[in-house]
Every structure is written in C-alpha cells, then in structure tokens.
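Here's the structure, in structure tokens; my notes come after.
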Amino acid sequence: MEKLNQVLLNPAVQVGPNLDAWLQAGGGLGLQVALGARSTIIRQIADADLRGMGGAGFPAWRKWEATANAVGDSKYVVCNGNEDEPGTFKDRTLLSASPHQVVEGALIAALAVRAACVIFYINPHQGQSMQHMQLAVSQWQHSTLLQQLEQALGHPLEIKVVASSGRYIGGEETAVVASLEAGFPFPRKKPPFPAEQGINGQPTLINNVETLANVSHILRHGADWYRALGVGKASGTKLYSLSGDVLRPGLYELPMGTSLQELVFHYGGGMLQGKAFKAVFTGGPSNTLLTARDLDVALDFDSVWLRHSRLGTGAMIVISEGSSIIRKVAEYIDFFAKGSCGQCPSCKCGTFQLARLLDRVDGGRHSHADLDALQHLCQILPGSGRCGLIDGAVTVVKSSMHTFPQEYGLPVSAEPSTATA
Amino acid sequence: MSETIRISIDGKVVDATPGNSILHTRLEGDTPLTANIGCMGQGVCGSCRCLVRKAGERSAETRLACETTVEDGMQVSFIDYYLPNHVHHYRPHDLRDGWQALPQLQQTFPELAHCRHCSGCDRACPRHIPVQQGMALAASGQLEAAAALFDACIMCNLCTLACPENIRPNHVGLYLRRAQAIQNLRPGDLLRRLEQQARGELAINTRSDTPRSEA
Chain X
73 MEKLNQVLLN PAVQVGPNLD AWLQAGGGLG LQVALGARST IIRQIADADL RGMGGAGFPA
133 WRKWEATANA VGDSKYVVCN GNEDEPGTFK DRTLLSASPH QVVEGALIAA LAVRAACVIF
193 YINPHQGQSM QHMQLAVSQW QHSTLLQQLE QALGHPLEIK VVASSGRYIG GEETAVVASL
253 EAGFPFPRKK PPFPAEQGIN GQPTLINNVE TLANVSHILR HGADWYRALG VGKASGTKLY
313 SLSGDVLRPG LYELPMGTSL QELVFHYGGG MLQGKAFKAV FTGGPSNTLL TARDLDVALD
373 FDSVWLRHSR LGTGAMIVIS EGSSIIRKVA EYIDFFAKGS CGQCPSCKCG TFQLARLLDR
433 VDGGRHSHAD LDALQHLCQI LPGSGRCGLI DGAVTVVKSS MHTFPQEYGL PVSAEPSTAT
493 A
Chain P
32 MSETIRISID GKVVDATPGN SILHTRLEGD TPLTANIGCM GQGVCGSCRC LVRKAGERSA
92 ETRLACETTV EDGMQVSFID YYLPNHVHHY RPHDLRDGWQ ALPQLQQTFP ELAHCRHCSG
152 CDRACPRHIP VQQGMALAAS GQLEAAAALF DACIMCNLCT LACPENIRPN HVGLYLRRAQ
212 AIQNLRPGDL LRRLEQQARG ELAINTRSDT PRSEA
C-alpha cells in the first residue's frame, strides 16, 4: 500500500499546530526555495499541473498569474476552508492535523502574487480546524521565515484566521469575497473574477485548502516529482472522501487518476454486506452519477470529465443495489433547497419544486404528469442562478433520471449511456 | 383563422392564442386541472404560481399564470403550494392594544429580525410589492406604512417560499393589515349598511332570475 498517503496525509507531516515539528519534518524548505527563485514560482506550479482541488479542477497557476498581473496595492490570498458539501471531509483533516503545510503554501502564494494579506477562511463548525489554524498562524507570526518573506515582499504581510458563515453557499468564491467584506455570503455575478477584483476591489487569489497544501511540496521537490505521483497523464495526488455503502469509509490520499474500482474495492474494502455496487455520487454531490459501467474510470479531473461528470472535491458517496437513487437525490436536492441563498427566486423556488416532485415520485404518489414536470424543470432551470447551485441540483436530478429511468418508471432506452451532460 | 404560438407547460407543448394568459392556455389544453387553481383568472387567489422562462432569456422568473400573457417559445413550470413547518399563532383580540403592537409583532415573528436583505422576496413577488422594504418598515416599527405596502398582496406565498430565513413576509403583511383593521374605525357607509341589515331593511334576494338592479 505504498501508494497511500504519500504527501499530504503522510504520517511524517501530521504534526498538528507545532511549527518546530513541521520544520523538523522538512517544512519551510519549500518557502526557502520560493524565496530564492521568486520569479519562477508560478512557472513551477504550472509545470506541476496543480489543479484547484475545491471542485473545479481549474489549473491553479492561471489564477495565480491573473492575480500577480492584476493591478492593486493591497492584494489578498484567501485559503478557502469553508468545506460544507455532503460527503466531503478532506479540508478539515488537513487544517487540524497538519495546518503548517497549508500555511506555508498560502505564504508561497502570497510571495508569488505579491499579496499584502493572507486570510484563512475557516468553517466555524469545525472547531478543531479553527483552533489549530489560529495556533499555527500565531507561531508563524514570530518566525524568522516570515521576516524573510516580508523582506522579500518589501512590506509587512498581514495573516488572519477568519470564521466563515459555515453555510454551504459561503464556499463559492464570490461568496467568499462578499463574506470577507463583512457581508452575507451572497454569490456575485462573474466577471469580474476575484483575481481581477476581489475583496474591497483588490485582486484576490482564492484557493482551496488542499490546493495550497500541495504548494510547499511542489516547490521543495520540484514539478517533475509532483507530476510523477499521478497515474498516466494525471499529476500529483488527490484526497478522496470515501463514504456510503463501503466496508472502510474514510479519507484516502491516492495518486491522482486512481481508478474508481481500486478506490472502492481495494482501499474501501468493497461493498457493505456483499451487496452489488450501484452508483456513486461524485464530489458535491452535484454531478452526474457514475455507475458500475464507470468503475474503470480514472479519478482525475480530465478523465471523469470525459465521462460527462466531474471529480469535484473528490467526495465519493457509494450507493449499493437495493438503495433508492430517488431517495438519495431527493435528500441532496432538499439540502440544496435549504442552502440556496435567496437572491434568485428561480433557484429557491426551483429547488423546492424539484424536491416536492422527487418526494412524490419516491413515495409512489406521482402521476405521469409529475415526471413530465420534473423533466421540464430540468430544462428551464439551468443557468438561471447567479452561481452554480441550481445547475448542480439539476445535473444530479437529470443524471439520475437518465441513468436509472426504471426507478422513475420512465421508458428505458435501448442503449443507456452511463452518464449524461 | 387566428395565428397560434407554441409554449410548453410542465413538459407538454401546447398551441396558444396570442393575448391569452398562461392559465387560459392551460384550460384550453387537454390537461385536467387538479392543482394550482383557485379564482380561475381573476388574479385574486394566488394559486397559479409558476416559473416562467421566456424564449432567449437566461433566467426563469416567478409569475401568476392568470396574469401572464403567453409568448412564443415560453416555458412554464407550475409550483406547488408551500406550507412551512412553523405556523404563527396569534389571536386577533390580542392586536387591539396599539401600544403593544411592536413587541407583539416581534414576539409573533421573531425571524423578522433575521432578514439578510437578499431581495429574493421582491423578485419573487408577482404583484411587484416592495416586500423587503415592507419587512424593514415592520421591523423598525413603522407598522402602518408596512401594512399599506401589502394592500395588493394576494397571499400567493411566493415570498415565503423565496425567503431563505423563513420570514413569511406575506403573513407579516396580513398580520399588520389585521391589526390596522382592528384598531381603526370602520368606514361610515359600511357601518350604516350593517345597521340597516340588522333592522331587516335589506332583504337578501337569492332568486337567480331577479335582475341585480332590483336586489
């Protein structure tokens, strides 16, 4: 099992909020490399093909470069630790068990984009994450490494730990900006993107906890080392939050591109009670369902995308035969309905109506007209919200109807594809 | 033969006559009407809540089907009645003391203080009532002004459905209108009519063949 927990969850770096222990474990070396080769940091992140691990899989270096090139006298770096999706439990582990690798990554990002302030935006419902990050940051504030960093920047670097609202919607990047401007975390229309105009109109780099946690290791060991960790064309490692009907649910750091089969049946120990694998809700769960036909898929952003789904946060909620897909979908839609921020009535009312129809179908109290209405809602709702919440909700409903038509009592097509866009 | 256009209602494509309302078009179709029906086109009951997406537009908007004229390519999804888990209990008798109006309102609707100012209620209201302003006025004690804003409210419940803080704005409006009615003198002509009726001077004729003018 040498492929497991090689970098971020490596036992050697699980030192908690203890800076000395982190430095003894090789921490700080990445920042020192960055200080010596400041102009090449973004190039190295690009060469490593580090992706945004919060769900988008967007190349991290593009945001870094956009923020670095944007004009602003008080730029921000925000570490987004709002993690609140059902089935995702990776960031809280990193923040509480190895906070210094997250802090060091954020400081390297601050050096690369010449930021004046670094903010750790943490979900307050994760008490230990907050506590350990506050301790970790207070230790860095008295460190010589930070002094060297400020000298390189030519100005002081403010570092803060800020509690997020703890709401699901608060993790959306424009909602992060709104929240840090002391408002309610309402998503905003894009553009402008935060890299151009973020907090108080200043260029703001917003990265997920896992993304930033990788940075010091890339700088320390090099882009080639990081790329070689992945399977095939995929780069680095990924934290997979495995849950649902498996024998050994838990958080697994595996090479990016590990197959779904290997994750579920090797690391996850297979299905509970020997039941058959039915489907998996991936990273959100606001993506297209993967089914038994997709067990061979490599769990990296590009390969999952080719199956018309998304890797998302790396959350994998496994469902076994005998479980109702409609019931699970109804529960997630109810979650989205409650989490909708309220700005867009189409999102708030649309998710409500989706939930009502799903509830009727699940309880067998529906008519054929309800199924037509459900499919129709999936046509008219996408794109009608300021953020992607309503689109994600529709995607999972649409996907479940397409993939498991028999559960809805819909006609089964001759050649059902495993996934739909 | 008049020109027809096509719209889709809850997944069914139907021919519609330009100038007709969505509800009228649905009535003409072959879909049996078992829900979202109340006053049948009078615009007073608020039952025919729907999401409407016009051709070429990105966003779906909340509307009343009886008040919305069909357009070619329009897509319509009807919305169920929304009943929140929490129901507010109060007795009209308790609303008589004007000095207690604000604390009673706060006690009955404590969530009123939680408004996050998202304006979702304003966007959801098919009568274009400035709902959020009404809630701000109510919370600040300007109860008469708040009640006046809700004169046009037909209790369709869309603002309640849209509110992420479960404020139930239309019910706040109804509460204030009730309080205002209880604390105010009634119109003189209404009082005189009621007196006449009590004396038996206003016979009520229920015969349907009698012209209305003789009643």
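Line order of the protein sequences matches chains X and P.
Oh and the first sequence: position 197 is 269 in this note's numbering, straight run, nothing missing.
Oh and the second sequence: position 210 is 241 in this note's numbering, straight run, nothing missing.
Yeah, the Cβ is synthetic: ideal placement off N, Cα and C, and Gly gets one too.
**Buried versus exposed, by CB contacts within 10 Å (16 or more), residue 245/X** = Buried.
**Item:** Candidates 323/X, 467/X, 388/X, 353/X, of which the one nearest residue 162/X by Cα
**Value:** That would be 323/X, whose Cα lies nearest to the Cα of residue 162/X.
**Request:** Taking 8 angstroms as the cut-off, decide whether the C-beta atoms of residue 193/P and residue 420/X are in contact.
**Result:** yes
**Message:** Can you pull out the residues from the region 106 to 133 of chain P whose beta carbon lies closer than 9 angstroms to at least one beta carbon of chain X?
**Reply:** 106, 107, 108, 109, 110, 111, 113
**Request:** Would you list, in sequence order, the uninterrupted alpha helix (DSSP H) runs of no fewer than 4 residues that lie entirely inside the region 40 to 91 of chain P?
**Result:** If we require 4 residues or more, the alpha helix (DSSP H) runs fully inside the region 40 to 91 of chain P come out as 53 to 59.
**Request:** Return helix, strand or coil for residue 268/X, following the three-state DSSP convention.
**Result:** coil
**Prompt:** Which class does residue 461/X belong to by DSSP, given the choice of helix, strand or coil?
**Reply:** Helix, per DSSP.
**Item:** Simplified DSSP state of residue 411/X, which is helix, strand or coil
**Value:** helix
**Prompt:** Taking just the CA atoms, how far does residue 53/P sit from residue 39/P?
**Reply:** Rounded to whole angstroms, residue 39/P to residue 53/P spans 10 angstroms at the Cα level.
**Message:** Which runs of the alpha helix (DSSP H) at least 4 residues long sit entirely within the region 423 to 463 of chain X? Give them in chain order.
**Reply:** Within the region 423 to 463 of chain X, complete alpha helix (DSSP H) segments of at least 4 residues are found at 440 to 452, given in chain order.
**Asked** When the Cα of residue 385/X is compared with those of 143/X, 398/X, 118/X, 155/X, which residue comes out closest?
**Response** 155/X
**Request:** Per DSSP, which residues does residue 210/P bridge with? Please list them.
**Result:** Residue 210/P pairs with nothing; no bridge assigned.
**Request:** With residue 327/X as the anchor, note down where its beta strand (DSSP E) starts and where it stops.
**Result:** 322 to 327
**residue 184/P at chain X interface by Cβ criterion, 8 angstroms** = no
**Prompt:** What residues from chain X crowd round residue 194/P, counting only those whose CB sits closer than 9 angstroms?
**Reply:** Among the residues of chain X, those whose CB is under 9 angstroms from the CB of residue 194/P are 414, 420, following chain order.
**Pair within 8 angstroms by beta-carbon distance, residue 370/X and residue 342/X** = no
**Asked** Near residue 98/P, what residues of its chain come up, given a Cβ to Cβ distance below 7 angstroms and the 5 sequence neighbours on each side ignored?
**Response** 52, 74, 157
**Request:** Kindly indicate if chain X contains any beta-carbon less than 8 angstroms away from that of residue 92/P.
**Result:** yes
**Prompt:** So what does DSSP say about residue 315/X, is it helix, strand or coil?
**Reply:** strand
**Message:** Just to confirm before moving on: does the CB-CB distance between residue 81/X and residue 282/X stay below 8 angstroms?
**Reply:** no
**Item:** Simplified DSSP assignment, three categories, for residue 36/P
**Value:** strand
**Asked** Is the beta carbon of residue 91/P less than 8 angstroms from the beta carbon of residue 358/X?
**Response** no
**Prompt:** Which ranges would you report for the beta strand (DSSP E) in the region 276 to 302 of chain X if only whole runs of at least 3 residues count?
**Reply:** 276 to 280
**Item:** Under 9 angstroms from the C-beta of residue 405/X: neighbouring residues of chain P
**Value:** Listed along chain P, no residue sits closer than 9 angstroms to residue 405/X by beta-carbon distance, the nearest being about 14 angstroms off.
**Request:** Evaluate contact between the region 125 to 138 of chain X and the region 388 to 408 of chain X, counting only Cβ atoms and requiring at least three cross-stretch pairs below 8 angstroms.
**Result:** no
**Message:** Is the separation between the beta-carbon of residue 89/X and that of residue 171/X shorter than 8 angstroms?
**Reply:** yes
**Request:** Check whether the Cβ atoms of residue 480/X and residue 426/X sit closer than 8 angstroms, and answer yes or no.
**Result:** no
**Request:** Tell me whether residue 201/P sits in a helix, a strand or coil according to DSSP, three-state version.
**Result:** helix
**Message:** The alpha helix (DSSP H) that contains residue 135/X, what's its start and end?
**Reply:** Taken as a continuous stretch (DSSP letters only), the alpha helix (DSSP H) holding residue 135/X covers 132 to 141.
**Asked** Which word fits residue 102/X, buried or exposed, when buried means at least 16 other C-beta atoms lie within 10 angstroms of its C-beta?
**Response** buried
**Asked** Using 8 angstroms as the limit for Cβ to Cβ distance, is residue 149/P near chain X?
**Response** yes
**Message:** According to DSSP, is residue 193/X part of a helix, a strand, or is it coil?
**Reply:** strand
**Item:** Residue from 212/X, 462/X, 263/X whose Cα sits closest to the Cα of residue 410/X
**Value:** 462/X
**Request:** Pull up the DSSP beta-bridge partners for residue 226/X, would you.
**Result:** DSSP lists no beta-bridge partner residue for residue 226/X.
**Prompt:** Got a sec: which bits of the region 440 to 463 of chain X sit with their beta carbon under 7 angstroms from any beta carbon on chain P, in order along the chain?
**Reply:** 441, 444, 445, 447, 448, 449, 451, 452, 453, 455, 456
**Asked** Can you name the residues of chain X whose CB is closer than 8 angstroms to the CB of residue 41/P?
**Response** 441, 444, 445, 448
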